[in-house]
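**Q** Under the working numbering, the residues of the sequence shown are numbered 108 to 431, in order.
Virtual Cβ for every residue (Gly too), placed ideally from N, Cα, C.
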Amino acid sequence: MDDALRWVIAGPFMYMAILVFVIRTLYKVLTIVRLPRHLRWDLYPIAHDGPDGSPYQKAEFWSFTRPYSRVHEVAKMTQEILLLKRTFMHNRRVWAFSFPMHSGFYLIGGWLALLLLGAGAELTTGIKISPASTLFWAKVVNAVTVAAGAGGLGLGLYGTAGLLWLRLTDENLKDFTAPVTLVNLYLLLALFGVGFAAFVSSDPSFGLARGYVGSLLLLRPSGGLPLLMVTELLLFGVFLIYLPFSRMLHFTAKYFFYHAVMWDDEPVKTGSDLEKAIGRYLNYRLEWPADHITPGGAWFEQAAANPAQSEREVKQGDETKGQT
């Protein structure tokens with residue numbers, strides 16, 4: 108790989124990948140925010156009710172202010188998002204690999220943040236962060252960066268390889284494994300694998316990675332990196348571009364899933380924003396046909412009496428009685 112191609116991958120391509128990822132992800136989040144209110148599940152116990160449980164269990168619940176514990180809600184969400192609690196409870200075999208893979212993602216996110224922090228510190232102070240640094244804080248930043256990066260790459264590689272193995276060999280998973288799932292796992296396996304190989308062979312202290320991040324901040328990207336690191340940047344750029352268009356972007360919907368679907372038990376009060384929103388939703392037009400609906404009619408019209416449907420039901424009932 109010649110120097111010009113390395114520079115293109117490390118510079119223009121990486122800037123483009125970051126830009127695509129940020130714009131597309133923000134667009135997706137805004138799209139979710141603007142969607143109509145989801146059909147609420149109200150699955151009890153609802154976390155934000157706190158230790159007292161549902162207010163509807165109390166007499167004259169409408170006469171006092173409803174409790175709302177953000178702490179309990181965040182705690183329950185954290186158990187699922189960070190620890191994959193439901194997977195652990197219902198499928199330990201998948202959890203044994205899925206948990207390390209997701210932990211690898213979280214550590215890699217922290218590693219990237221530490222690289223950014225370290226690069227900024229080097230540029231502003233002129234102090235080189237490395238294992239040989241004489242300053243305590245610089246040694247700590249370097250040590251934590253190495254721990255997060257090595258741990259994230261190692262856990263991600265192990266978890267991804269394990270999930271891929273399960274998807275290819277477990278008869279219970281084969282039938283539910285879409286080709287795109289395998290594509291995602293192969294991409295992640297290559298990303299973690301090349302990244303771990305680059306760490307071991309080319310950049311054990313992540314000094315080169317930190318310097319590269321600094322060059323990006325200065326808008327003077329360095330292409331003079333080892334081949335494995337350039338390959339890692341190429342895969343990372345492809346991953347950033349692909350991620351917001353794939354089902355892996357489900358992480359952006361986690362908060363909305365818990366907060367606005369599973370645990371949304373806000374009461375409908377006269378004149379409230381929720382009542383007005385539901386009024387708008389009932390005027391949405393149905394775009395699909397069926398015998399029991401009025402095609403093109405509004406939702407509220409479907410709840411009204413349907414003479415044709417009623418007549419059919421009465422006729423079918425009479426026929427059934429005649430047969431008996």
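How far does the alpha helix (DSSP H) with T284 in it extend, from its first residue to its last?
**A** One-based indexing of the sequence shown puts residue 284 at position 177. Unbroken run through T284: none, as it is neither H nor E.
**Q** Across the stretch 239 to 246 and the stretch 292 to 310, are there enough close Cβ pairs to call them in contact, namely three or more that are closer than 8 Å?
**A** no
**Q** Quick one: is V247 near chain D, going by C-beta distance under 8 Å?
**A** Among the chains in the structure shown there is no chain D, since it carries only a single protein chain.
**Q** Whose C-beta lies closer than 7 Å to the C-beta of H155 among residues of the same chain, with five residues either side of it excluded?
**A** On the sequence shown, residue 155 is found 48 positions in, with the first residue counted as 1. Y175, S176, R177, H179, E180 and W370.
**Q** Apart from the five residues just before and just after V375, which ones in its own chain have a Cβ nearer than 8 Å to its Cβ?
**A** Taking the sequence shown and counting its residues from 1, the one referred to as residue 375 is at position 268. Here the set comprises L381, E382 and I385.
**Q** CA-CA distance, V251 and R144?
**A** Stepping through the sequence shown from its first residue, residue 251 is reached at position 144. Stepping through the sequence shown from its first residue, residue 144 is reached at position 37. Their Cα atoms are separated by approximately 42 Å.
**Q** Under the rule that 16 or more other beta-carbon atoms within 10 Å means buried, what is I116, buried or exposed?
**A** Counting from one through the sequence shown, the residue named residue 116 turns up at place 9. Per the 10 Å Cβ criterion, buried.
**Q** Near D443, which residues of its chain fall below 7 Å by C-beta distance, leaving aside the five closest residues on each side in sequence?
**A** The structure shown does not extend to residue 443, since the chain spans only 108 to 431, so no value can be given for it.
**Q** Going by CA-CA distance only, name the one from G330, F303 and R141 that's closest to W114.
**A** Here residue 114 refers to the residue found at position 7 when the sequence shown is read from its first residue. Out of G330, F303 and R141, G330 has the C-alpha closest to the C-alpha of W114.
**Q** Which of the three DSSP states, helix, strand or coil, is assigned to R173?
**A** Here residue 173 is taken as the residue at index 66 of the sequence shown, counted from 1. R173: coil per DSSP, three-state reduction.
**Q** Express the C-alpha separation of S170 and W202 in angstroms, rounding to a whole number.
**A** Taking the sequence shown and counting its residues from 1, the one referred to as residue 202 is at position 95. Taking the sequence shown and counting its residues from 1, the one referred to as residue 170 is at position 63. Cα to Cα, W202 sits roughly 44 Å from S170.
**Q** Would you list the residues sitting across from A405 in a DSSP beta bridge?
**A** Residue mapping note: residue 405 aligns to position 298 of the sequence shown, counting from 1. DSSP lists R392 as partners of A405.
**Q** V421 by DSSP, collapsed to three states: which one?
**A** Your numbering for residue 421 matches position 314 in the sequence shown. With a pLDDT of 44 at V421, under the threshold of 50, the modelled position of that residue is not reliable, and no figure is offered here.
**Q** Where does the unbroken alpha helix (DSSP H) through L142 begin, and where does it stop?
**A** Position 35 of the sequence shown, counting from 1, holds the residue named residue 142. Note, L142: premise wrong, no alpha helix (DSSP H); not H, not E.
**Q** Taking the alpha helix (DSSP H) that H101 belongs to, which residues open and close that run?
**A** Residue 101 is absent from the model: the chain starts at 108 and stops at 431.
**Q** Find the nearest neighbour of S308 within the set M121, E339, L356 and G225, judged by alpha-carbon distance.
**A** The residue given as residue 308 occupies position 201 in the sequence shown. The candidate whose alpha carbon is nearest that of S308 is E339.
**Q** Give the DSSP-derived three-state secondary structure of T377 in the structure shown.
**A** Position 270 of the sequence shown, counted from the start, is the residue given in the question as residue 377. Three-state DSSP puts T377 in coil, outside helix and strand.
**Q** Exposed or buried, what is A316 when buried is set at 16 or more other beta-carbons lying within 10 Å of its beta-carbon?
**A** For the purposes of this step, residue 316 is identified with residue 209 of the sequence shown, where counting begins at 1. Residue environment for A316: buried (at least 16 other C-beta atoms within 10 angstroms of its C-beta).
**Q** Quick check on the burial criterion: 16 or more other C-beta atoms within 10 angstroms. Buried or exposed for M121?
**A** Indexing the sequence shown from 1 puts residue 121 at position 14. Buried, since its Cβ has 16 or more Cβ neighbours within 10 Å.
**Q** Is the distance from the Cβ of G211 to the Cβ of L260 below 8 Å?
**A** Reading the sequence shown from its first residue, position 104 is the one you call residue 211. Reading the sequence shown from its first residue, position 153 is the one you call residue 260. Yes.
**Q** Please state the DSSP three-state secondary structure of T241.
**A** Taking the sequence shown and counting its residues from 1, the one referred to as residue 241 is at position 134. If DSSP states are grouped into helix, strand and coil, T241 belongs with coil.
**Q** Please confirm if the stretch 229 to 241 is in contact with the stretch 273 to 283, defined as three or more CB-CB distances below 8 Å between the two stretches.
**A** Touching, no, given that fewer than three Cβ pairs across the two stretches are closer than 8 Å.
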